[in-house]
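Everything on this sheet refers to the single structure shown next.
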Amino acid sequence: MALYLCCFRHLCGSTPHANVPVRNTPTVILDTGYMGHEVVIVKNGIRICGTGGALGNIPILQNKAYFEVKLQQSGVWGVGIATRNTNLSKVPLGEDAQSWVLCSDGCIRHNAEEKYKIPNVPQEGDIIGVSYDHVELNFYINGKPTNTPVTSFKGTVYPVLYVDDGAIMDVIFENFSHGPPAGYDSIMVEKSLLEND
Numbered sequence: 090m091a092l093y094l095c096c097f098r099h100l101c102g103s104t105p106h107a108n109v110p111v112r113n114t115p116t117v118i119l120d121t122g123y124m125g126h127e128v129v130i131v132k133n134g135i136r137i138c139g140t141g142g143a144l145g146n147i148p149i150l151q152n153k154a155y156f157e158v159k160l161q162q163s164g165v166w167g168v169g170i171a172t173r174n175t176n177l178s179k180v181p182l183g184e185d186a187q188s189w190v191l192c193s194d195g196c197i198r199h200n201a202e203e204k205y206k207i208p209n210v211p212q213e214g215d216i217i218g219v220s221y222d223h224v225e226l227n228f229y230i231n232g233k234p235t236n237t238p239v240t241s242f243k244g245t246v247y248p249v250l251y252v253d254d255g256a257i258m259d260v261i262f263e264n265f266s267h268g269p270p271a272g273y274d275s276i277m278v279e280k281s282l283l284e285n286d
């Protein structure tokens, strides 16, 4: 190593990376600035427990985005998308015009309406996939589509999870268990967001 540094100094006149600014791209995690009062976020921002909801820290701006959630422990829970105007301290979500969620009773709700009821409610250990393309929101259970497209969105949306009654969920923003549908990808940090830091 000493020989490498000596050679590097001789060739470049400095130590490696001495004057190079390092800019880390933000990681997509749950946002402790946008969560319910009784929510606990652990495991470096990927696990939610307690009571209430939490948004992801990065909005879904790209055309086709996908993320997954693993149900670690049963209880009352929900997963989907929401704007920053939804009340994250009040569960269940899906009761206002700011959230679109699949709930632990198998209902997909928005604005206090049941849009669909899926027959196979996710159980402990199941993976719930969420795809969103600004036209449709779709859910998958262990890689299989529920065929319950939700439409009509307004505003900038974020991934959202909520828990109550002992539920624990882990959000997966990369290295998926089942992989996104064709054309979809993990949530990307837009260049414009980086420039606003």
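Mapping of the sequence shown onto my numbering: position 11 corresponds to residue 100, and the numbering continues sequentially without gaps.
Note that beta-carbon positions come from the ideal geometry of N, C-alpha and C, so glycine has one too.
Computed from a predicted structure; not experimentally measured.
Can you look up residue i in the DSSP assignment and give me helix, strand or coil?
| i | result |
| --- | --- |
| Q151 | coil |
| M90 | Any answer about M90 is weak, because its pLDDT of 41 lies below 50 and its placement is not dependable; what the coordinates show is given next. Reduced to three states, the DSSP call for M90 is coil. |
| A201 | coil |
| C95 | Low confidence applies here, because C95 scores a pLDDT of 41, under 50, leaving its location unreliable; read the following figure in that light. DSSP places C95 in helix when its eight states are reduced to three. |
| K243 | coil |
| K179 | coil |
Residue i: beta carbon under 6 Å from a heavy atom of the ligand NAP?
| i | result |
| --- | --- |
| Q212 | The ligand NAP is not part of this structure, which contains no ligands at all. |
Since residue i is in the beta strand (DSSP E), which residue starts that stretch and which ends it?
| i | result |
| --- | --- |
| Y273 | Careful: Y273 lies outside any beta strand (DSSP E) and carries neither H nor E. |
| L290 | It is not possible to answer for residue 290, since the shown part of the chain is limited to 90 through 286. |
| T121 | L119 to M124 |
| L191 | S188 to C192 |
Below 8 Å on the Cβ atoms is my contact criterion, and I expect residue i with residue j to pass it. Report the Cβ-Cβ distance as a whole number of Å.
| i | j | result |
| --- | --- | --- |
| Y155 | S241 | Y155 to S241, Cβ: 20 Å. No contact. |
| E157 | I217 | 7 Å |
| Y247 | A186 | Going by Cβ atoms, the distance from Y247 to A186 rounds to 15 Å, so no, they are not a contact pair. |
| K159 | I261 | 6 Å |
| I130 | M124 | 6 Å |
| K153 | G244 | The Cβ separation is near 19 Å, so there is no contact. |
| G195 | K204 | Rounded, the Cβ-Cβ distance is 12 Å, inconsistent with contact. |
Starting from residue i, follow its DSSP beta bridges and name the residues at the other end.
| i | result |
| --- | --- |
| D259 | R136 and K159 |
| V131 | R136 |
| I230 | I217 and K233 |
| V165 | D253 |
| G141 | V252 |
| I170 | W189 and P248 |
Comparing the C-beta of residue i with each C-beta of chain B, is any distance below 7 Å?
| i | result |
| --- | --- |
| V117 | Within the model displayed, chain B is absent; a lone protein chain is all it includes. |
- Are the stretch 228–237 and the stretch 257–270 touching, with three or more C-beta to C-beta distances below 8 Å? Verdict: yes, contact present.
- Query: Taking one C-beta from the stretch 248–256 and one from the stretch 131–144 each time, how about it: are there three or more such pairs within less than 8 Å?
  - Reply: The stretch 248–256 is in contact with the stretch 131–144.
- Item | the stretch 173–181 in contact with the stretch 271–280 per 3-pair CB rule at 8 Å | No: the two stretches stay apart, fewer than three of their Cβ pairs being nearer than 8 Å.
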